[in-house]
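Here is the structure we will look at.
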Amino acid sequence: MPEPTANAAPVSAPATAGSSSSQPHLSRALSNRHIQLLAIGGAIGTGLFMGSGKTISLAGPSIIFVYMIIGFMLFFVMRAMGEILLSNLNYKSFSDFAGDLLGPWAGFFTGWSYWFFWVVTGVADIVAIASYVDVLAPGTPLWIPALITPVVLVLLNLPTVKAFGEAEFWFAIIKVVAIVALIVTGAIMIATHFTSPSGQEASLANIWNDGGMFPHGMFGFVLGFQIAIFAFAGIELVGTAAAETKNPEKNLPRAINSIPIRVLLFYVGALVVIMAVNPWRSIDPATSPFIGMFSLAGLGIAAVVINLVVLTSAASSANSGIYSTSRMVYGLAQDGNAPKAFGRLSPRKVPQNALLFSCIFLLAGLVLLYAGDSVIEAFTVVTSVASVLTMFVWSMILISYIVFRRRRAALHEASAFKMPGSAFMPYVVLGFFGFMLVALAQAADTRLALVVAPVWFLILGVAWYFNRQTPLQQARIEEHKALRAAELEGLSR
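In the working numbering, the protein residues as written are 63 to 555.
Structure representation (structure tokens):
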């Protein structure tokens, strides 16, 4: 067997899928400002705006630690992803390197699970959009925004990837401005000892003077992780944009390394201000605490604006989801894991067939809106399913990294973007995800996700059983086996 080189190409390279050199390829049109704001937009999800009220009611002030812990753990997932992606720029996404390092089955399961995650998340975003349209224009039938949103998303994504980047850039700017405005407004209210109509004075002491930091004990603290984890879903979005990023060696590390700062500012900073101004027991779990704080400050117009911002945030998340799913299905089709039609690009280098395919599934939001007793109930159920799926994808990234570090030690040693604590942190984070599954099992509305997820993986297993019988997949499986044998032989020398 030949000894594997340090720059071994992934087995899922487009050439193996039978793509023609005459076909258009994905264009590296996303600049540094696009990728930076894409990373910020991924870190600030709809869960922060819409779900933080419920997490506060479950965990109390300890929710601050919940977000810090999740952000800390996911930083290592992102560093692992970044190191592998930069080790071989032929990788289009983490689905590619999972297929290369773990086998074609892993690329199939990771790619389709990520697609399903974003479809589910997109449905949750449509639920949120319908909710806020109802607030801004009471009496509006819920089916109208649920039907219009997918159409708008298609129009935003069809032109070029740069058009998507520009739309997401401004979506993210709006979210950042809204959170900064909330923090500044809250800080002023605290500094001026603002007193609410109920007689409660704004003070940092409100965070700990009502039962301490853990008013519901460790059980309440654990429950806080259920919804909070969804707020970070999409943080890995820069990984799916790797193939369309200019100068990825420079721009990806910048985006990934800024994650701790984003978590401290956008999550911890915002929640500290909210609970200092508005005592945590008085926060309505069924509404956005962002809107509640501006209303409390007497800024009625600002509260309306924040409603629009939250609606924009949900649209941003859905926009990112449609982008991700279209690229993931495109990559799956290139590897023979999806119909060939989804592997074709338009003259503008956009996978339009994959894009339209994903948008169709967002119409499931129509059914969900009318199936539950409340919008927040529907949102909780859907986000719980999405949380399990995204943790599976994050876990596949970490498992791929463990294999990468062991079998391709030369690439790891040569990396200029090594994951900190690479010898042990992947196992720590995987253990944390196991804890997250236990947390999701503690409540009926989130426990449903632990039933839906196995059904999904069973469906995938059946699909893979038939797909692996094709000549293309058999060739890819044999190629992977040969590469793995060569790598193991090289390690044994």
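Glycine is no exception: its CB is placed at the ideal position from the N, C-alpha and C atoms.
Annotated three-state conformation of E263 is strand, per DSSP.
Restricting attention to I291, K312, L510, the CA atom closest to the CA of F134 is found in I291.
T117 carries a helical assignment under DSSP once its states are collapsed to helix, strand and coil. The beta strand (DSSP E) runs lying completely inside the stretch 349-417 and spanning 3 residues or more number zero.
Assigned with DSSP and collapsed to three states, T532 falls in coil, not helix or strand. Taken in chain order, the unbroken stretches of alpha helix (DSSP H) that lie wholly in the stretch 245-297 and span 4 residues or more are 279-293. Non-local C-beta neighbours of I345 in its own chain, meaning closer than 6 Å and more than five positions away in sequence, comprise G115, I118, P351, ordered along the chain. DSSP places A478 in the coil class of the three-state scheme, outside both helix and strand. With respect to the 8 Å criterion, G173 and M390 are classified as neighbours on the basis of their beta carbons. Per DSSP, D162 is one residue of the alpha helix (DSSP H) stretching across 156-164. Around F283, the same chain offers A121, S124, F127, V128, F276 as residues with beta carbons nearer than 8 Å, after the five sequence neighbours per side are excluded. A check of alpha carbon separations from I539 across T183, A192, L163, V465 identifies L163 as the nearest. Scanning its chain for C-beta atoms nearer than 8 Å, with the 5 sequence neighbours on each side dropped, one finds around N529 the residues F170, G398, N399, Q535, in chain order. One thing to note: L512 has its Cβ within 8 Å of the Cβ of V450. DSSP, read as helix, strand or coil, puts P203 in coil. For secondary structure counted as the alpha helix (DSSP H) over 4 or more consecutive residues, the stretch 483-532 holds these complete runs in sequence order: 487-502, 506-509, 511-529. Where G122 is concerned, there is no enclosing alpha helix (DSSP H), because DSSP gives it neither an H nor an E. With a cut-off of 8 Å on Cβ pairs, the stretch 218-233 is in contact with the stretch 377-385, counting three or more such pairs. Counted as a single uninterrupted DSSP element, the stretch harbouring L326 is not any alpha helix (DSSP H), since DSSP gives it neither H nor E.
A residue is called buried once 16 or more other Cβ atoms fall within 10 Å of its Cβ, and T374 is buried on that count. Three or more beta-carbon pairs drawn from the stretch 462-478 and the stretch 144-151 are found closer than 8 Å, and the two stretches are therefore classed as touching. If you draw a 10 Å sphere on the C-beta of A485, you find fewer than 16 other C-beta atoms in it, and that means exposed.
When V490, Y527, L550, A426 are compared, the shortest CA-CA separation from F178 is found for A426. A direct Cα-Cα distance of roughly 34 Å separates V213 from I245.
Taking 8 Å as the upper bound for CB-CB distance, R467 and L553 are not in contact here, some 12 Å apart. Contact check for S462 and A190: beta-carbon distance about 32 Å, past the 8 Å limit, so the pair fails to qualify.
Put simply, the backbone Cα of W205 is about 27 Å away from that of A515. With contacts defined as CB atoms closer than 8 Å, S379 and S420 fail to qualify as a contacting pair. The beta carbon of W526 is closer than 8 Å to those of W167, F170, F171 in its chain, skipping five residues each way along the sequence. The C-beta distance from M481 to A142 rounds to 5 Å, short enough to meet the 8 Å contact threshold. Judged by beta-carbon spacing, L460 lies within the 8 Å limit of V491, meaning their Cβ atoms are closer than that value. For V185, the closest alpha carbon among the candidates V447, V300, R546 is that of V447. V335 places its beta carbon less than 8 Å from that of A249.
Between I252 and L266 a beta carbon distance of about 6 Å is seen, short of the 8 Å cut, so the two are scored as contacting. In this structure, I318 sits away from G483, with a CB-CB distance that is not shorter than 8 Å. Taking 8 Å as the cut-off, the beta carbon of Y176 is found no closer than this to the beta carbon of V366.
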